[in-house]
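Participant: Take this structure first; my questions come after.
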Amino acid sequence: MLNYSFLNINYNDKLVRNHFLKIVLPNAFQNKMFENSNVLAVKHSATQDPLIEHLNQHLMSNFGTPPISAYCLFYFTAPLPIHLDGHGNLPVTRANLNLPLSGWEGNLMNYYTENPGYVTPKALPNGRTFCDPNQVTLCDQFETTDDWVLVRADRPHNITNMDFNNPRITLSIKFKDNPSFEHLYKCLVGEPLSV
Ligand SMILES: [Fe+2]
Numbered sequence: 001m002l003n004y005s006f007l008n009i010n011y012n013d014k015l016v017r018n019h020f021l022k023i024v025l026p027n028a029f030q031n032k033m034f035e036n037s038n039v040l041a042v043k044h045s046a047t048q049d050p051l052i053e054h055l056n057q058h059l060m061s062n063f064g065t066p067p068i069s070a071y072c073l074f075y076f077t078a079p080l081p082i083h084l085d086g087h088g089n090l091p092v093t094r095a096n097l098n099l100p101l102s103g104w105e106g107n108l109m110n111y112y113t114e115n116p117g118y119v120t121p122k123a124l125p126n127g128r129t130f131c132d133p134n135q136v137t138l139c140d141q142f143e144t145t146d147d148w149v150l151v152r153a154d155r156p157h158n159i160t161n162m163d164f165n166n167p168r169i170t171l172s173i174k175f176k177d178n179p180s181f182e183h184l185y186k187c188l189v190g191e192p193l194s195v
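Our numbering numbers the first residue of the sequence shown as 1 and each following residue consecutively.
Here you go:
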């Protein structure tokens, strides 16, 4: 099963990096907008940022993607356990479009298969859905780059090999109606995912 795909979406990555690292992130720190002290995350609806709205139009008109529903800015200050991308009572997010903004060097994104007896974890009140590490086995791994990447988010995964002196900062985009990895792959790569 393909878990990720690096993409060329023909968008000005430098503009995105500047905007989020130099404006949005300092503003978030100043206004204490982060959700906790471990993995800091700022979440917004798509309409709250003109650059996201511009990216949204770009993706819809060039790739036929569903509208962007929300975006998160992740700032990792500690390891994140193996998890599904949970949202409290909402269904687990199936796929995200990510752009690492800073601190991606040497990071590994890991995917795990479910062992026999695996029990699907329930989301915690903070929306996170952590897996029991004894119930999963590493099956896929890739080194992250500064490219846009479509990632599967509803299978157990985590990121390791982070340098907390150079925190990993990532823009993560979600789409309306929680489309599948396969659907977004078809839009963004331009051909169906072959099994
Ligand atoms: Fe995740």
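Beta carbons are placed, not taken as given, at the ideal position from N, Cα and C, and that holds for glycine.
Distance check for residue 66 and residue 16, CA to CA, integer angstroms please.
Facilitator: 20 Å
Participant: For the segment 3 to 62, which segments carrying the alpha helix (DSSP H) assignment without a break, of at least 4 residues, lie completely within its bounds, in sequence order?
Facilitator: 13 to 19 and 25 to 30
Participant: If you follow the alpha helix (DSSP H) that residue 122 is part of, which residue opens it and which one closes it?
Facilitator: Residue 122 -> no alpha helix (DSSP H), and no H or E assigned at all.
Participant: Do residue 121 and residue 84 come within 9 Å of each other at the CB atom, strictly closer than that value?
Facilitator: Against a cut-off of 9 Å, the Cβ pair of residue 121 and residue 84 comes out as a contact.
Participant: So what's residue 136 in DSSP terms, helix, strand or just coil?
Facilitator: strand
Participant: Per DSSP, what kind of secondary structure is residue 181 in: helix, strand or coil?
Facilitator: Reduced to three states, the DSSP call for residue 181 is helix.
Participant: Give a single yes or no on whether residue 78 has its beta carbon closer than 8 Å to a heavy atom of ligand 1.
Facilitator: no
Participant: Using only CA atoms, which one of 24, 167, 175 and 21 lies nearest to residue 153?
Facilitator: Answer by Cα proximity: 175.
Participant: Would you kindly check if the distance between the Cβ of residue 63 and the Cβ of residue 187 is under 9 Å?
Facilitator: Their beta carbons are under 9 Å apart, which means residue 187 touches residue 63 by this criterion.
Participant: Which residues neighbour ligand 1 when neighbourhood means a C-beta less than 7 Å away from any of its non-hydrogen atoms? List them by chain order.
Facilitator: Matched residues: 83, 85, 153 and 157.
Participant: I think residue 157 touches residue 185, with their Cβ atoms under 8 Å apart; what is that distance to the nearest whole Å?
Facilitator: No, residue 157 and residue 185 are not in contact; Cβ-Cβ is about 17 Å, not under 8 Å.
Participant: Taking DSSP as the reference, what is the three-state secondary structure of residue 187?
Facilitator: helix
Participant: Let me know if residue 86 comes out buried or exposed under the rule of 16 or more other beta-carbons within 10 Å of its beta-carbon.
Facilitator: Per the 10 Å Cβ criterion, buried.
Participant: Tell me where the beta strand (DSSP E) around residue 75 begins and ends.
Facilitator: 68 to 76
Participant: Quick one: is residue 91 buried, meaning 16 or more other Cβ sit within 10 Å of its Cβ, or exposed?
Facilitator: Residue environment: residue 91 is assigned as exposed (fewer than 16 neighbouring CB atoms within 10 Å of its CB, all protein chains considered).
Participant: With distances taken from CA atoms, which of 82, 55 and 47 is nearest residue 148?
Facilitator: 55
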